[in-house]
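Those protein sequence lines, which keep their order, are chains A and B. Heads up: the first sequence runs through residues 1 to 793, numbered per my numbering. Heads up: the second sequence runs through residues 1001 to 1373, numbered per my numbering. Ideal Cβ placement from N, Cα and C applies to all residues, glycine included.
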Amino acid sequence: MSALLDRATTGRNTPGQGPQDTGTKKPGMGVQPWLMAFGIAVGVAGAALSLNGVLRGWAWYPPLLTVVAGVSFSVAALRSVRARPVLVTGGGFVVLIAITNLIFFRSSSLLGIFPSAQSMDAVGEALRRANETVISESVPVAPNAGIVLVCCVAVGVLVILIDALAVPLAMPATSGLGFLAIMVAPALLKPQSVGAPGFLTAAAGFLIILGCSHWFAPDARLAADSTRNPGQARRALVTGGAVLAASLIVPLAIPGFTQGTFPQGSRLNTWGTADGLNPMISLGNSLRAPTGSGRISYATNATNPPYLRSVTVDTFSGESWGPDDREGSRRPGTDRFDNDSSLAPDAQVRQVTAVSAGNFTSPYLPAPYSPDSVSGLTGQWTWDPLTLSIKGTDTSTRGQQYTVESSTPVLSAELLARASAPPTGISGIFSATPLDVPDIVRTTAQSVAGAEQNPYDKALAIQRYLRSGQFTYSLDSPAQGGYDGNGLSVLADFLTQKSGYCVHFSSAMAVMARLEGIPSRIAVGYAPGRLTGNTVAVDGEGELTEYEVDSRDAHAWPELYFEGIGWVPFEPTPSRGVVPDYTIDALSSLNPNSDDQAPDLAPGNPEATVPTATPTPSAEAGVGVDSSGTASGFRLAPALLAVAMLLVVLAVLGTPRLIRSSRRLRRERPTPSPTAVPLAWDELQDLGADYGLPSLPSETPRNYSQRLRDSGLLGEPAGVDNAAHIAVATLAADFERTAYGRPVENTSAVRGDLMVDDLVVRLGRVRASLAGNAGRIQHFRSQWLPQSVLRRH
Amino acid sequence: MDSPARTAAESPALPSGAPSGGRNGNGDTHGSAYGIREPGPPAMDRDSFQAASNSILGAINTVIDGKPEAARLALTVLLAQGHLLLEDVPGVGKTLLAKTLARTIDCTVSRIQFTPDLLPSDVTGVSIFDQSTRAFEFRPGAVFANIVIGDEINRASAKTQSALLESMEEHQVTVDGTSYHLDEPFMVVATQNPIEMEGTYPLPEAQRDRFMARISMGYPDRAAEMEMLETHQAISPLTRITPVVSAAQVAAMVATVADVYVSTAIKEYTVSLGRATRESPALRLGASPRSLLQLLRAAKATAALDGRDYVVPDDVMTVTEAVLAHRIILDRRAASSGENAADILRGILEHLPVPRDPAATSPRGFGARTRNS
Chain A
1 MSALLDRATT
11 GRNTPGQGPQ
21 DTGTKKPGMG
31 VQPWLMAFGI
41 AVGVAGAALS
51 LNGVLRGWAW
61 YPPLLTVVAG
71 VSFSVAALRS
81 VRARPVLVTG
91 GGFVVLIAIT
101 NLIFFRSSSL
111 LGIFPSAQSM
121 DAVGEALRRA
131 NETVISESVP
141 VAPNAGIVLV
151 CCVAVGVLVI
161 LIDALAVPLA
171 MPATSGLGFL
181 AIMVAPALLK
191 PQSVGAPGFL
201 TAAAGFLIIL
211 GCSHWFAPDA
221 RLAADSTRNP
231 GQARRALVTG
241 GAVLAASLIV
251 PLAIPGFTQG
261 TFPQGSRLNT
271 WGTADGLNPM
281 ISLGNSLRAP
291 TGSGRISYAT
301 NATNPPYLRS
311 VTVDTFSGES
321 WGPDDREGSR
331 RPGTDRFDND
341 SSLAPDAQVR
351 QVTAVSAGNF
361 TSPYLPAPYS
371 PDSVSGLTGQ
381 WTWDPLTLSI
391 KGTDTSTRGQ
401 QYTVESSTPV
411 LSAELLARAS
421 APPTGISGIF
431 SATPLDVPDI
441 VRTTAQSVAG
451 AEQNPYDKAL
461 AIQRYLRSGQ
471 FTYSLDSPAQ
481 GGYDGNGLSV
491 LADFLTQKSG
501 YCVHFSSAMA
511 VMARLEGIPS
521 RIAVGYAPGR
531 LTGNTVAVDG
541 EGELTEYEVD
551 SRDAHAWPEL
561 YFEGIGWVPF
571 EPTPSRGVVP
581 DYTIDALSSL
591 NPNSDDQAPD
601 LAPGNPEATV
611 PTATPTPSAE
621 AGVGVDSSGT
631 ASGFRLAPAL
641 LAVAMLLVVL
651 AVLGTPRLIR
661 SSRRLRRERP
671 TPSPTAVPLA
681 WDELQDLGAD
691 YGLPSLPSET
701 PRNYSQRLRD
711 SGLLGEPAGV
721 DNAAHIAVAT
731 LAADFERTAY
741 GRPVENTSAV
751 RGDLMVDDLV
761 VRLGRVRASL
771 AGNAGRIQHF
781 RSQWLPQSVL
791 RRH
Chain B
1001 MDSPARTAAE
1011 SPALPSGAPS
1021 GGRNGNGDTH
1031 GSAYGIREPG
1041 PPAMDRDSFQ
1051 AASNSILGAI
1061 NTVIDGKPEA
1071 ARLALTVLLA
1081 QGHLLLEDVP
1091 GVGKTLLAKT
1101 LARTIDCTVS
1111 RIQFTPDLLP
1121 SDVTGVSIFD
1131 QSTRAFEFRP
1141 GAVFANIVIG
1151 DEINRASAKT
1161 QSALLESMEE
1171 HQVTVDGTSY
1181 HLDEPFMVVA
1191 TQNPIEMEGT
1201 YPLPEAQRDR
1211 FMARISMGYP
1221 DRAAEMEMLE
1231 THQAISPLTR
1241 ITPVVSAAQV
1251 AAMVATVADV
1261 YVSTAIKEYT
1271 VSLGRATRES
1281 PALRLGASPR
1291 SLLQLLRAAK
1301 ATAALDGRDY
1311 VVPDDVMTVT
1321 EAVLAHRIIL
1331 DRRAASSGEN
1341 AADILRGILE
1351 HLPVPRDPAA
1361 TSPRGFGART
1371 RNS
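Okay, here's the thing in structure tokens:
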């Protein structure tokens, strides 16, 4: 090292006398790219494990693994042949395109890997499917080609990003962001957990990357100056450890994370949207939300608080059920609805309910069933004659205050028992049973209700079965068991596990009723609310008792059709809602608690512990930040969008740094060339500019070097950074000699080679000294907002 | 441009003070103006050059307190084969500097005190008819010395000034049709008093151009003045000075300076500087081509004194003020606003981009900046 210093001091490189150790070692080659690729692949593959739960099953994992391994190792291969950093990254993208083509569009691609017109069409189709999935399905979604393609591409891009962060940008610790980006989606979407195995594997990969970048030290800082090694190592480890620690601690500090630690799962409710396309999907999440949001208050003259119904689900086929809007047959206006009860008007009770939707935002209007008219609404509203669901065409429920007049048929067990005629006056869509009903549903329906003859008895039997002690109400077990959501396969899981919440109970009853020949549909809305203790004056009705509901009261219940009577709601969900009178007689012996009419719910239900007197402050706060109510949910779209935006932001933020470091690597290329010294000088000037001391056009090299040394950026001349001072002075002298001195005829390869290493070493010293003497902000600016890139002279 | 005493025509663009070469008369300038040396004294190696220059400067600095830059510049002019004009108020050591420089070198020194009644022949010499030999005998004037000190040059008549200036230009004296070569090294150190201008004959611009550099000594700082009072009370410090180098050594040093490499980039920089002075709105008269040549020579000497065998822009910058300031003429408005030539030259240098050797600039370097925009 002292020989090196001497040589640097004299400024004259004597051929063949330089130290051979720096001359022979080429940074960044050998086993290093492969180990780095291994680390990245392990980390990404581990982080991607946590996508299980967002995507159903494991079928999506092999293609994803192929992409990860293919991209990371091809990048390593490119790096091992010393391709330029830009080429390496570009090559990564090319390989990513080729691999995805090979996996997803083999038949339509040219030679299986090159995109063609047909494969581009197929990409469009896949993206459309992915989009559909993202918009309409709830997690876990079925791994169709579209969504898996999106995941593979995203993960592939992240592999390239992590690689770029770790190697050319020399910020291995920051590459943890890439792993975080993968795990953010599951953390936001997945109901219970990212999963310890995934987290630990990702952490292992991250540590391999950190270690790899330290052991092989592609950075001249480490190679050049052994006295800085401990500091570097400590800094790398501290940074890495801080990233891991932050990922564990930060969730604790942020409200909205239901559980403490990162692997334990966490759900931010930040990206709730107001489109409310499928309330079924968001229901589970609304119920699990720690604080209620989307508070609705209503005052009614009914003796018991009514269910508020938003929409019905009546098609039970496909992966996921959702409301069929039947836009074509909807009718405008809310003055008058066709009452679809078959009972005479005198057999019905007229009710008036004044609703204030507050911040609750949904296109579907919550109203007691069955509405006769709604007044006081603003905007365009339509209603579906088949289900009487009311939907805004250009507006939402937000801020609406309206009065619903509704009629509730007076029902009794006797009346229902008499309605045994086969249904005739009803659309076939309510009777259609899907072809692919799982066997367990059929057999259960058969065993539960097959013996009964009367439709009412069948319905009672099913309700009784579902409310029996065999079933438990649980918000978490479906999520843990992987059958959160809805659909026939979920139903089969539910009937096996016998644990779930209203969506499962209501859909089970609706499907089994259809199998037994009773037309059915699932109503989605709110269970009866809690007393607020206030009264509201309503025109023509006087003071009415006020109730309130919020997202935790979201509910789904089946409605069954009885010929001659109409649609009759049932309540198969234990401990939720109110069991109708007309079903109580038969049930009271079985379930003494079920006739509980009080707003309080049965003990053991997490939601029941909420104080009922007044809205809690936390609920109010929840309304403030999240106005989406039940329509808000954890669909894929917002989270994917967030991840994409994160990537874009990262890319934008990282661009100056990327340009800067690729410039630097280009200048420090180990190829001997006569321009090595001017390039090193350029680099030195850029370094100075990055730390706030740009060179002036009229400044001579020695003036600049003197100014740089006097500026204090390099510390005291005789202090610990003396090497850097010497490096700057000799770089200036070398540059002067090259630029203004007698042309040297003999730039032999050996000398040039030594020269380049020497230059890199000296630049490394300057860089280390600049970094060491700069303040934190200044250092950050120099790394991320390098003035040499952002400002041109 | 041409002095009245000149008999032979020479291109006015050719500079003065070229290294010795034309020893056989006016007709043969033999490229000497372009710095191509005939076989002369061998150049010195770097170490002996440094040793010699350091001993000269050291000797001067023992006499002249607190003016190392002036001493260095004087040596620069000597090594660049130019002539030096010392211009300052009386009593700041102009003559002392000139004498000290002369004494440090083991060479012939003459001093001319210029007065209005000084005749040209007093400077150049005169041919006297020798009765015994019945022939004209040339009696050399004061200019026949290695270093000629011309005190208060502006007090002599224009004719006498011209006689000196011709010899400065051509390193020869022509008397009665016979040319006499002056010994090398040859350097004229003239002093001039910028105040008390009454009854003087200020040097016209064309003649100021013959001086490679002008130095204003300026007052010494407090410590140096104290030191001066301490040490110079009893005896003249000049008496302590003994020559430290021989004339031959100086000639070798001059040869070394001539050997200094000037890259294309530096030449371009010098040309840009000259053009900038001509284009500057603050200047009525910019730097002449001859002055640029002298600038480059002075820069070469500076580089050599700095221990380099090539010129860097800093060398040019260092000597710009001394070499150019007395040749340029300020615009009336600039002059009335109190600016002086040195300020304007500094301003020009501050805005003149420093060149990079075009050959050394990577044409394909990613983001490599070309700084000579």
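Taking residue i as the query, report the chain A residues whose CB atoms sit under 8 Å from its CB, ordered along the chain.
i         : result
B:Leu1349 : Ser698
B:Asp1309 : Gly741, Arg742
Is any beta-carbon of chain B found at less than 7 Å from that of residue i?
i        : result
A:Glu683 : no
A:Arg702 : yes
A:Glu736 : yes
A:Pro656 : no
Starting from residue i, find everything on chain B with Cβ-Cβ shorter than 9 Å and list it in chain order.
i        : result
A:Arg767 : The contacting residues do not exist; A:Arg767 stays about 17 Å from chain B at best.
For the ligand ATP, is there a heavy atom less than 6 Å away from the beta-carbon of residue i?
i         : result
B:Gly1338 : Of ligands this structure carries none, so the ligand ATP is not represented either.
Taking 7 Å as the threshold (C-beta atoms), are residue j and residue i in contact?
i         : j         : result
A:Ser420  : A:Asn454  : yes
A:Asp59   : A:Pro115  : It is worth fixing the name first, because residue 59 of chain A is Ala in this sequence and not Asp. No; because the gap between Cβ atoms is not below 7 Å, this pair is not in contact.
B:Lys1300 : B:Val1257 : yes
B:Phe1186 : B:Leu1085 : no
B:Ile1329 : B:Ala1282 : no
B:Gly1125 : B:Val1089 : no
B:Thr1104 : B:Ile1056 : yes
For a cutoff of 7 Å on Cβ pairs, would you count residue i as touching chain A?
i         : result
B:Val1354 : yes
B:Asp1331 : no
B:Ser1336 : no
B:Tyr1219 : no
B:Ile1266 : yes
B:Ser1179 : no
Going along the chain, which residues of its own chain have a beta-carbon closer than 7 Å to the beta-carbon of residue i, five neighbours each way excluded?
i         : result
A:Thr174  : Leu165
A:Ser108  : Ser116, Gln118, Ser119, Ala122
A:Leu785  : Pro656
B:Ser1291 : Asp1209, Val1323, Leu1324, Arg1327
B:Glu1087 : Gln1192, Pro1194, Arg1214, Ser1216
B:Ser1337 : none
A:Thr382  : Arg330, Arg331, Pro332, Lys391, Thr393
Go through its chain and collect everything with a Cβ distance to residue i's Cβ below 8 Å, but skip five positions before and after it.
i         : result
B:Glu1279 : Gly1286
Please compile the residues from chain C whose C-beta is within a distance smaller than 8 Å of the C-beta of residue i.
i         : result
B:Met1317 : Considering every chain present, this structure includes no chain C. Its protein chains are A and B.
In chain order, what residues of the same chain lie with their CB nearer than 6 Å to the CB of residue i, ignoring the 5 residues before and after it?
i         : result
B:Leu1149 : Here the sequence assigns Ile to residue 1149 of chain B, which means Leu is not the residue at that position. Correct list, in chain order: Ala1098, Arg1111, Val1189.
A:Arg350  : Ser407
A:Arg79   : Pro33, Val88
A:Tyr456  : Leu416, Ala417
Since residue i meets chain A, which of its residues come closer than 9 Å, beta carbon to beta carbon?
i         : result
B:Asp1314 : Thr700, Pro701, Arg702, Asn703, Glu736
Which bits of chain A does residue i rub up against, with CB to CB less than 7 Å?
i         : result
B:Tyr1261 : Gly741, Arg742
Notebook entry, point to check: Quick one: any contact between the region 1045–1063 of chain B and the region 1182–1191 of chain B, if contact means 3 or more CB pairs under 8 Å?
Noted result: Look at the beta carbons and you see the region 1045–1063 of chain B not touching the region 1182–1191 of chain B: under three pairs across the two are nearer than 8 Å.
Margin query: Does the region 482–494 of chain A come into contact with the region 436–455 of chain A, if we say contact requires no fewer than three beta-carbon pairs (one atom in each stretch) closer than 8 Å?
Written below: As far as the Cβ criterion goes, the region 482–494 of chain A touches the region 436–455 of chain A, which means the pair count is three or higher.
Check: Between the region 194–203 of chain A and the region 40–57 of chain A, are three or more C-beta pairs nearer than 8 Å?
Finding: Result yes; three or more Cβ-Cβ pairs closer than 8 Å.
Check: Hey, is the region 385–397 of chain A in contact with the region 538–553 of chain A, meaning 3+ C-beta pairs nearer than 8 Å?
Finding: Verdict: no, contact absent.
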